[in-house]
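All remarks here apply to the structure that follows.
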Amino acid sequence: MKKERIGRIVVLLVGFWVLSFAIANAQPPVEKPAKPVTLTFNWEGAYGRANCLVWPFRPGGRFEQLVTKYTDGMLKLDIKEKLYGLMESVFAIGDGRINMGTQSIPAATGTYPLLDFGGIPGFFSDPPNGAYEWAEAFLDPKMMAVWDKYTRPAGFKVLGSSISLANNTLWGNKAIKTLADFKGIKIRASGRTQTTTLKSLGASPITLSMAEVEDALVRGTVDAIATSKSYGAERGLIDLCKFAPVWPITPVFAQFIAVNAKVWDGLHPFYKEGLLKAGAQLTREMAAVVEQMEISYTLWIRSSKCQLVLPEESEVKKAMELMRPVVKEWLDTAGPYGKEVLQIGLHYAHGPSVKVIAEMGK
Numbered sequence: 010m011k012k013e014r015i016g017r018i019v020v021l022l023v024g025f026w027v028l029s030f031a032i033a034n035a036q037p038p039v040e041k042p043a044k045p046v047t048l049t050f051n052w053e054g055a056y057g058r059a060n061c062l063v064w065p066f067r068p069g070g071r072f073e074q075l076v077t078k079y080t081d082g083m084l085k086l087d088i089k090e091k092l093y094g095l096m097e098s099v100f101a102i103g104d105g106r107i108n109m110g111t112q113s114i115p116a117a118t119g120t121y122p123l124l125d126f127g128g129i130p131g132f133f134s135d136p137p138n139g140a141y142e143w144a145e146a147f148l149d150p151k152m153m154a155v156w157d158k159y160t161r162p163a164g165f166k167v168l169g170s171s172i173s174l175a176n177n178t179l180w181g182n183k184a185i186k187t188l189a190d191f192k193g194i195k196i197r198a199s200g201r202t203q204t205t206t207l208k209s210l211g212a213s214p215i216t217l218s219m220a221e222v223e224d225a226l227v228r229g230t231v232d233a234i235a236t237s238k239s240y241g242a243e244r245g246l247i248d249l250c251k252f253a254p255v256w257p258i259t260p261v262f263a264q265f266i267a268v269n270a271k272v273w274d275g276l277h278p279f280y281k282e283g284l285l286k287a288g289a290q291l292t293r294e295m296a297a298v299v300e301q302m303e304i305s306y307t308l309w310i311r312s313s314k315c316q317l318v319l320p321e322e323s324e325v326k327k328a329m330e331l332m333r334p335v336v337k338e339w340l341d342t343a344g345p346y347g348k349e350v351l352q353i354g355l356h357y358a359h360g361p362s363v364k365v366i367a368e369m370g371k
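Number 69 in this note's numbering belongs to position 60 of the sequence shown; there are no gaps in the numbering.
Structure (C-alpha cells):
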C-alpha cells in the first residue's frame, strides 16, 4: 500500500511539474489588430508567369493565400506585375518605392552575394534532396537572424524564398562528360558565383540576355547555355540542342521574398507573425514542387532526341576539388557573415563539395 501511495504521489508531482512548465512556457496568442492593412507587392515576373519562381506570387496565388490564412484576411496584398524589373526589385523595396516583393538571388549577387550561398557549387545535393536541405538552412533561426543583420542597412527584411530546379544543365551541342571537356567551352552563365565556377572548370563564361540564347547557339557565339532542366526545356532548347549535360555548378537557383524595413517596423505583431509564417511555409512547400519537377523534366528530356548526360562520380569529385577559389571569392565578397552562413548551412547540406566548404568555412 505504501509503495502504491508513493507511486501515486510521484506521478502527481511529475504531472504537476509538466503542467507548470507548459503554462510557464506557453506563448499567449498575439492580439489581433483593429484595422486591416494593404501592402503593395512587386510581382517580378522576368522568368515568365508560369515559371515556378514566379507563379506562386501571382494575384490569388499560393503566397497570397498563405498571407490571407495567417492574417485572417486582414492583411491584403496589392500585387503589381513587373512594376520593377529583375535588376531593380529589391532596391525599390529597400528605398520604399514599394512595400514588398520578390528578387532573383542570382540577379542580385553583385550587391548581395551572401544570399547566394545556395549557388556555391556542390554545397547542396542535386535536386530534389538539395531543395529540402537548402529550405531548412535558409529558415534556420540563426540564418534568419543573419539575414536581418545583413539586409537592414539596405532597408529591407527577408521573409522567405521560392526555389526552382538547380541551374545545373549545360544545354548545347557538346556532351561535356568529363572535367577536361570544359576546357575552352563558351557557356552563357547566370550570376557572379556561377561565372567564377565555370572559369575554375576551364570554361569561358559569357554574359547574354535570355532573349539572345537561341540565336547565340545557332551562330556559335556560345557552345552551351547554363540553366535548369525546366527552363531550358520550356524555352525549346530541348529541340535545339543535342546534349543536356548535368553538373552540380549551381545547386540552388532561387529568389527571396522581402518587405521594406520601415514598413515592417510599423506593422502590428499579428501581421509580422502572419507574414513570417507565410514565408516559411512557402519556402518549404517549394522544395516539394522541385521534387515533382525534377522527375517530370528528367523524363521529358529522356523521351526527346536531346541526350541527358550524367558525368561519372569520379569526374564530379575532381571538379569539386577545384572549387576552393570559388568559395574563397564568395567569402571575400560575402562580407563578415560569410563563414557563419557556411557553418549554418553545413548542418543541412550534403552536396559533393561539403568537405571543401567545411575546410574553408572554419
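For each residue, glycine too, the CB sits at the ideal point set by N, CA and C. Keep in mind it's a predicted model, so treat the numbers as computed, not measured.
Rounded to whole angstroms, the gap between the alpha carbons of residue 361 and residue 330 is 9 Å. In the three-state DSSP reduction, residue 90 falls in the strand class (E or B). In this model, residue 308 and residue 242 are separated by some 11 Å (Cα to Cα). Spatial neighbours of residue 149 in its own chain (CB-CB distance under 6 Å, excluding positions within 5 residues in sequence) are listed in chain order as 353. Secondary structure of residue 138 (DSSP, three-state): helix. In this structure, DSSP gives residue 197 an extended state, which the three-state scheme calls strand. Within the same chain, 340, 370, 371 come within 8 Å of residue 348 by CB-CB distance, once the 5 residues on both sides are set aside. Within a 10 Å sphere around the beta-carbon of residue 221 sit fewer than 16 other beta-carbons, which makes this residue exposed.
Here residue 324 has 187, 188 as same chain residues with Cβ atoms under 6 Å from its own Cβ, once five neighbours each way along the sequence are excluded. For residue 109, the closest C-alpha among the options 176, 136, 164, 238 is that of 164.
Inside the stretch 128-194, DSSP marks whole beta strand (DSSP E) runs of 3 or more residues at positions 165-173, 178-181, from first to last along the chain. The continuous stretches of beta strand (DSSP E) do not include residue 259, and DSSP gives it neither H nor E.
Linking residue 80 to residue 283 through their CA atoms gives a straight-line distance of about 5 Å. Contact between residue 190 and residue 198 is ruled out by a C-beta separation of about 17 Å, above the 8 Å threshold. Counting only residues of its own chain and dropping the five nearest sequence neighbours on each side, residue 261 has a CB closer than 7 Å to the CB of 127, 128, 133, 139, 143, 172, 175. According to the DSSP assignment, residue 318 belongs to the beta strand (DSSP E) that extends over 316-318. Secondary structure within the stretch 43-116: the beta strand (DSSP E) runs of 3 or more consecutive residues, fully enclosed, are 46-52, 84-90, 109-113 (chain order). Residue 230 carries a coil assignment under DSSP once its states are collapsed to helix, strand and coil.
About 13 Å separates the beta carbons of residue 194 and residue 225, which is beyond the 8 Å limit, so they are not a contact pair. A Cβ-Cβ contact shorter than 7 Å links residue 303 with residue 136. Counting other Cβ atoms within 10 Å of its Cβ, residue 228 stays below 16 and is therefore classed as exposed. With respect to residue 270, residue 166 sits close: the two C-beta atoms are nearer than 7 Å. Under a 10 Å Cβ-count criterion, residue 264 is classified as buried, with 16 or more other Cβ atoms of the shown protein chains found around its own Cβ. In this structure the stretch 203-211 does not touch the stretch 290-306; the number of beta carbon pairs closer than 8 Å is below three. In the three-state DSSP reduction, residue 323 falls in the helix class (H, G or I). If you check the CB distance, residue 86 and residue 51 do not come in under 7 Å. Closest by C-alpha distance to residue 170, out of 250, 125, 318, 82, is 125. Around residue 48, the same chain offers 84, 85, 86, 87, 108, 109, 268, 272 as residues with beta carbons nearer than 8 Å, after the five sequence neighbours per side are excluded. When only Cα atoms are considered, residue 61 and residue 177 end up about 16 Å apart. One thing to note: residue 179 has its Cβ no nearer than 7 Å to the Cβ of residue 115.
For residue 201 against residue 103, the beta-carbon gap comes to about 20 Å, at or over 8 Å, which does not count as contact. Of the residues assessed, residue 82 falls on the exposed side of the cut-off, its CB having fewer than 16 other CB atoms within 10 angstroms.
In the three-state reduction of the DSSP assignment, residue 213 falls in the strand class. Going by DSSP, residue 278 is part of the alpha helix (DSSP H) stretching over 278-311. Residue pairing by DSSP places residue 268 opposite 109, 166 in a beta bridge.
Residue 363 is not a Cβ neighbour of residue 332, given a cutoff of 7 Å.
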